[in-house]
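Engineer: Residue numbers (the numbering used here), protein chains in the order written: chain A, 46 to 412; chain B, 349 to 963. Glycine is no exception: its CB is placed at the ideal position from the N, C-alpha and C atoms.
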Amino acid sequence: MTVRILALVGDAFGARGGIARYNRDLFTALASAGAEILVLPRLGDAAGIALPDGVRQRPAMFGKLRFSLVSLWTAWHFRPVDVVFCGHVFMAPLAVLLARLLGARYWLQAHGTDIWNDRRSSVRRAIEAADQVTTVSRGTRQRLLGWVDLAPERVRVLPNTVDERFVPGPALPALRERLMLGAGPILLTVGRLAASERYKGHELIFAALPALRARFPGLVHVVAGDGDDRARLEARAAELAGDAAVRFLGYVPDEELPDLYRLADLFVMPSAEEGFGIVYLEAAACGLRVIGGAGGGSGDAVPDARVGELVDPADLTGLVEAVARLLGQGRVDAAAIEPYRRPHFAAAAGLLLARLMAQPRRMRGAA
Amino acid sequence: MCGIAGIHAYLDVAPPVDRAELKRINDRMAARGPDGNGLWLSGDGRTGLAHQRLAIIDLSQAGAQPMHSACGRYTITFNGEIYNYRELREGLVTRGYAFRSGSDTEVLLQLYADCGADMVKKLRGMFAFGLWDAEKRTLLLARDALGIKPLYWADDGWTVRFASQAKALLAGGRIGRDPDSAGIVGFHLFGSVPEPFTVWREVHTLPAGTTLTIDASGPQSPKRYYDVAEALAERASARHGDGDGRRLLSDAVRDSVRHHLVADVPVAVFLSAGLDSGALLGTMAALGGQSGAQSVSAVTLAFAEFKGLAVDEAPLAAEVARRYGARHIVRTVDRAEFEADLPAILDAMDLPTIDGINTWFVAKAAHEAGIKVALSGLGADECFGGYPSFADVPRSVHWLRPLSFVPGLGPLVRHGLSAAINAGLRLHPKAAGLLQYGGDWAGAYLLRRSVYMPWELDGLIDPGLVADGLRRLAPLSHIAAALQGARPLGDFDRVAALETALYMRNQLLRDADWAGMSHGVEIRVPYVDPFFLAALPPGDVLARVNAKDAVADVPVPPLPAAVRERRKTGFVTPVGRWLREAAGTPAGDAVDFSAASRSWALRVWRNDWTTPVVA
Chain A
46 MTVRILALVG
56 DAFGARGGIA
66 RYNRDLFTAL
76 ASAGAEILVL
86 PRLGDAAGIA
96 LPDGVRQRPA
106 MFGKLRFSLV
116 SLWTAWHFRP
126 VDVVFCGHVF
136 MAPLAVLLAR
146 LLGARYWLQA
156 HGTDIWNDRR
166 SSVRRAIEAA
176 DQVTTVSRGT
186 RQRLLGWVDL
196 APERVRVLPN
206 TVDERFVPGP
216 ALPALRERLM
226 LGAGPILLTV
236 GRLAASERYK
246 GHELIFAALP
256 ALRARFPGLV
266 HVVAGDGDDR
276 ARLEARAAEL
286 AGDAAVRFLG
296 YVPDEELPDL
306 YRLADLFVMP
316 SAEEGFGIVY
326 LEAAACGLRV
336 IGGAGGGSGD
346 AVPDARVGEL
356 VDPADLTGLV
366 EAVARLLGQG
376 RVDAAAIEPY
386 RRPHFAAAAG
396 LLLARLMAQP
406 RRMRGAA
Chain B
349 MCGIAGIHAY
359 LDVAPPVDRA
369 ELKRINDRMA
379 ARGPDGNGLW
389 LSGDGRTGLA
399 HQRLAIIDLS
409 QAGAQPMHSA
419 CGRYTITFNG
429 EIYNYRELRE
439 GLVTRGYAFR
449 SGSDTEVLLQ
459 LYADCGADMV
469 KKLRGMFAFG
479 LWDAEKRTLL
489 LARDALGIKP
499 LYWADDGWTV
509 RFASQAKALL
519 AGGRIGRDPD
529 SAGIVGFHLF
539 GSVPEPFTVW
549 REVHTLPAGT
559 TLTIDASGPQ
569 SPKRYYDVAE
579 ALAERASARH
589 GDGDGRRLLS
599 DAVRDSVRHH
609 LVADVPVAVF
619 LSAGLDSGAL
629 LGTMAALGGQ
639 SGAQSVSAVT
649 LAFAEFKGLA
659 VDEAPLAAEV
669 ARRYGARHIV
679 RTVDRAEFEA
689 DLPAILDAMD
699 LPTIDGINTW
709 FVAKAAHEAG
719 IKVALSGLGA
729 DECFGGYPSF
739 ADVPRSVHWL
749 RPLSFVPGLG
759 PLVRHGLSAA
769 INAGLRLHPK
779 AAGLLQYGGD
789 WAGAYLLRRS
799 VYMPWELDGL
809 IDPGLVADGL
819 RRLAPLSHIA
829 AALQGARPLG
839 DFDRVAALET
849 ALYMRNQLLR
859 DADWAGMSHG
869 VEIRVPYVDP
879 FFLAALPPGD
889 VLARVNAKDA
899 VADVPVPPLP
909 AAVRERRKTG
919 FVTPVGRWLR
929 EAAGTPAGDA
939 VDFSAASRSW
949 ALRVWRNDWT
959 TPVVA
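1. Taking buried to mean at least 16 other C-beta atoms within 10 Å of its own C-beta, is B/Asn770 buried or exposed?
2. With contact counted as at least three CB pairs below 8 angstroms, one residue from each stretch, are the region 608-628 of chain B and the region 719-726 of chain B in contact?
3. Less than 8 angstroms between CB atoms is the rule here; does B/Ala564 satisfy it with respect to chain A?
4. Give me the Cα-Cα distance between B/Leu649 and B/Ala829, rounded to the nearest whole angstrom.
5. Mind checking who A/Val313 pairs with in its DSSP beta bridge?
6. Would B/Asn374 be called buried (16 or more neighbouring beta carbons within 10 Å of its own) or exposed?
7. First and last residue of the alpha helix (DSSP H) that includes B/Glu685?
8. Under the three-state reduction of DSSP, which class applies to B/Asn427: helix, strand or coil?
9. Just checking, does the region 707-721 of chain B make contact with the region 864-882 of chain B on the three C-beta pairs under 8 angstroms criterion?
10. For chain B, check one thing: does any of its Cβ atoms lie closer than 8 angstroms to the Cβ of A/Val48?
11. What residue from B/Arg376, B/Phe447, B/Leu397 and B/Lys371 has the CA that sits closest to B/Asp406's CA?
12. If the cut is a Cβ gap below 7 angstroms, which residues of chain B does A/Gly191 touch?
13. Whole beta strand (DSSP E) runs in the region 67-138 of chain A with 3 or more residues, listed along the chain?
14. At least one CB of chain B closer than 8 angstroms to the CB of A/Leu396: is that the case?
15. In the structure shown, what three-state DSSP assignment does A/Leu226 receive?
16. Using 8 angstroms as the limit for Cβ to Cβ distance, is B/Gly505 near chain A?
17. Please report how far the alpha carbon of B/Pro802 lies from the alpha carbon of A/Ala57, in whole angstroms.
18. Using beta carbons (cut-off 8 angstroms, strictly below), is B/His552 in contact with chain A?
19. When you compare each of B/His746, B/Tyr431 and B/Leu456 to B/Leu440 by their alpha carbons, which one comes out closest?
20. In three-state DSSP terms, what is B/Ser540?
21. Please report the straight-line C-alpha distance between A/Glu300 and B/Pro567, rounded to a whole angstrom.
22. When the cut-off is 8 angstroms and only beta carbons count, does A/Glu318 lie next to chain B?
23. Short of 9 angstroms Cβ to Cβ, which residues in the region 362-388 of chain B face chain A?
24. Taking C-beta pairs closer than 7 angstroms, name the residues in chain B that A/Val202 reaches, listed in chain order.
25. Check the Cβ of B/Gly568 against every Cβ in chain A and list those closer than 7 angstroms, keeping chain order.
26. Along the region 815-833 of chain B, where does the CB come closer than 7 angstroms to a CB of chain A? Name the residues.
27. Where does A/Leu232 land, buried or exposed, given buried means 16+ other C-beta within 10 angstroms?
28. For B/Asn706, report the span of its alpha helix (DSSP H) as first-last.
29. What did DSSP end up calling A/Tyr296 once you bin it into helix, strand or coil?
30. If you draw a straight line from the alpha carbon of B/Leu824 to that of B/Ala577, how long is it in whole angstroms?
31. Could you tell me the alpha carbon to alpha carbon distance between A/Ala259 and A/Ala290, rounded to whole angstroms?
32. So which residues on chain B does A/Asp194 lean against when the C-beta distance must stay under 9 angstroms?
33. Counting only Cβ pairs nearer than 9 angstroms, list the residues of chain B close to A/Ala330.
34. Which first and last residues belong to the beta strand (DSSP E) in which B/Ser766 is found?
35. Helix, strand or coil: which one does DSSP assign to A/Ala200?
36. Among B/Trp548, B/Ala616 and B/Gly656, which residue has its Cα nearest to the Cα of B/Ala646?
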């Protein structure tokens with residue numbers, strides 16, 4: 046029997062960012078397991094994009110009221126619905142309502158900062174109503190269980206998967222030349238440069254660069270990503286490390302990222318609050334060793350020394366030492382990344398859906 | 349009776365089991381296994397089981413654990429004893445199963461192969477185990493019906509870990525010590541931590557009478573296979589005349605004691621001057637006499653302070669021991685020994701508790717006497733109605749229920765009385781809550797059993813933690829859950845269900861485990877047995893035949909009249925006074941255990957259980 050899923054999400058197909066990518070991966074996996082999914086996004090434009098078989102996506106609606114009303118209307122016409130999937134805590138109260146109206150199971154996905162910041166009791170109750178909650182990382186799960194009253198077995202972890210494009214390969218000299226990076230070691234950071242995401246730790250790296258360049262002449266820090274904090278970060282880079290030490294590339298399209306990872310010698314992002322940190326995984330999948338930040342969910346993308354290390358996001362000396370240590374360690378063993386590849390992700394997603402479907406429709410008729 | 353542990357990395361991304369971590373967990377339980385230990389890792393390194401052995405049945409290496417089935421598919425680490433393992437084994441042999449050892453552990457492996465997780469319903473005994481099925485790739489965790497053997501588990505979303513002791517899981521080094529407000533509030537309310545909570549957010553108790561299956565998607569919902577209230581309701585549906593009552597009771601006690609003597613080492617008894625342990629000794633002696641066994645060893649705890657006083661239990665216990673030809677061991681404890689042992693007691697205490705001190709010393713005495721297994725009268729008060737709660741709680745509910753319908757009256761009276769008590773009115777602080785709580789079963793039970801009441805907690809621990817803990821624990825709903833799902837019960841059975849599912853499980857049995865196992869002594873409890881409970885007459889019959897008194901007539905010859913008489917004067921130990929003084933509160937001449945437990949609870953809690961230290 047086909048499982049019918051109504052998915053309320055911030056974004057999925059036709060949108061950028063880690064959460065959109067996660068949703069796409071999840072829906073693709075569930076559809077390949079035979080589910081039929083109707084996606085209702087608040088952002089993103091899937092027009093002209095070939096969606097996987099079994100997945101349909103309605104046009105985005107950003108306004109809260111409009112999104113709620115259209116969701117109600119659409120959901121009613123999508124009956125019977127087996128599962129209401131909620132891709133962001135922001136929409137959890139609506140998901141609870143829809144699940145109850147439709148007599149469906151309610152699956153909530155939590156990423157990281159989405160559940161760390163909003164601590165209203167109404168949000169807590171909307172999370173506690175879920176039949177199944179999935180998080181991208183163990184850290185997010187632990188923080189969630191520290192706040193809401195959910196049976197621990199009901200909160201499962203489904204880590205990000207890494208796209209097949211991210212595989213080891215040769216470093217392209219032409220790219221090094223085009224980016225004018227010189228012959229020294231390259232430290233790479235990929236991430237949004239948003240004022241709201243200063244926890245990513247760019248400034249700690251800038252501060253470490255003078256010491257590192259003294260030990261590794263010609264070392265350069267390449268910053269990929271764009272955002273409203275870029276100008277400030279550029280100024281801070283110049284102030285802390287000098288003009289020649291940091292190269293800001295701006296937004297780098299997904300298809301160009303693998304070559305950038307292959308070109309670099311070390312991926313460095315001592316982030317304090319990463320929900321998971323898909324970029325760590327992509328870098329490692331291309332063979333690049335990784336330095337992440339302790340705290341948040343980074344530990345799940347950097348599970349052991351085969352991939353890299355986590356440093357204290359406030360420890361400058363620790364970062365300098367870690368960079369010096371890891372620069373000499375060569376590429377990542379591909380076997381360490383294999384469990385994050387798509388077949389494993391799809392199998393785990395399928396098990397979670399089966400597990401949820403094995404539960405009774407506990408929401409039906411509930412007050 | 350041993351210690352068990354395991355780690356299973358169920359998610360593909362999880363790193364393989366760290367042998368050193370598993371060893372750290374297992375080593376923390378070394379006191380549980382003086383006769384050996386074992387550690388096994390699956391071929392793919394994703395599952396590991398460990399064991400500390402106290403050998404009781406099949407003392408040979410064939411009984412060592414973790415144990416594998418002959419086919420290699422199943423591996424088990426098991427703590428406890430299965431008293432009906434010979435019957436189960438015979439049944440399996442007739443169905444074609446072959447056995448390589450004489451152990452009850454192997455019976456578990458074959459029984460699982462025969463009927464899967466439902467096997468637990470057939471087991472008569474005390475147990476906690478982890479069983480790995482390499483073909484289905486599932487790990488089954490199970491715990492006995494009434495919660496005699498403990499089992500703790502933790503799941504980080506990638507990997508599940510379990511152990512016989514919560515502190516052992518922490519010793520592995522991968523599990524955080526973040527406080528669990530529900531468990532902490534529960535401890536201050538009840539004097540023990542109510543399951544499924546511990547005082548650590550990441551560590552859970554597997555509830556009694558429950559199984560938990562872990563597959564590739566992680567732990568499933570725990571599945572309950574036994575419920576005390578259901579069992580008592582079922583028992584109540586069988587009608588018996590009062591004449592039958594005493595006979596059924598005698599038969600049930602004899603049958604249970606007979607089952608609890610299954611062992612390849614001598615079985616002793618903890619003997620007080622009370623009816624319950626005396627009846628055990630008398631029954632053991634009769635059964636031993638039939639089989640021509642040696643005399644039973646009986647261990648009695650005496651206190652130096654009481655020597656020569658009427659409250660000393662040793663003389664009467666000696667009379668009982670003489671009557672049944674037991675080898676009587678009296679072990680005298682004084683305050684200096686209590687103080688010397690206190691650091692070790694607090695270290696061995698697996699979860700905070702206000703009790704367990706007596707068991708610590710009697711188990712210590714047994715160990716010194718070379719005893720590995722002893723029967724205890726624990727649980728008799730729960731099934732025979734020996735506690736004052738059997739009278740107080742129903743009386744409170746029947747009298748106060750009408751007043752509980754007057755809106756706001758209970759809280760108003762409580763506020764007024766609390767103020768008066770604070771101003772010097774000589775009443776127990778809990779008395780202020782009589783009207784607010786006394787009119788329903790959960791409230792009246794809380795009032796009877798609590799160390800502190802909810803309104804008192806803000807003055808003891810961080811108010812934010814109290815609010816969070818009260819919301820998470822919901823103490824009244826937690827208590828009421830012990831009565832839910834059952835057909836209506838009579839007054840006796842209601843209190844029996846509450847005492848059995850709450851006080852006995854969370855306090856007495858848990859304390860018996862850590863205090864006994866610290867000395868490598870297996871404590872067996874014939875009055876705590878679902879088969880025994882089912883064989884007893886219904887609660888209303890037990891009440892009418894005065895079950896507590898009828899126990900004295902189970903052995904032949906019956907217990908001396910002095911033992912029955914003594915019951916009416918009550919039992920006293922100086923431990924309450926020691927606890928109170930150890931907690932920093934000077935005690936007067938009168939020993940008030942209730943008051944002692946309040947200050948002792950705070951002393952126990954100050955022992956740095958969680959990080960960061962709470963309040």
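Structural biologist: Result, derived from the coordinates:
1. exposed
2. yes
3. yes
4. 36 angstroms
5. A/Ile336
6. buried
7. Arg683 to Ala696
8. strand
9. yes
10. no
11. B/Phe447
12. Asp526 and Arg549
13. 81-86, 100-102 and 128-131
14. yes
15. coil
16. yes
17. 48 angstroms
18. yes
19. B/Leu456
20. strand
21. 38 angstroms
22. no
23. Ala362 and Pro363
24. Leu359, Gly505 and Trp506
25. Looking at the sequence shown, residue 568 of chain B is not Gly but Gln. Correct list: Glu198.
26. Arg820
27. buried
28. Ile705 to Glu716
29. coil
30. 17 angstroms
31. 11 angstroms
32. Ala530, Arg819 and Arg820
33. Here the premise fails: no neighbours, minimum Cβ distance about 13 angstroms.
34. Taken as a continuous stretch (DSSP letters only), B/Ser766 belongs to no beta strand (DSSP E), being part of the alpha helix (DSSP H) at Leu757 to Asn770.
35. Here residue 200 of chain A is Val; the residue named in the question, Ala, does not match the sequence. Three-state DSSP puts A/Val200 in a strand.
36. B/Ala616
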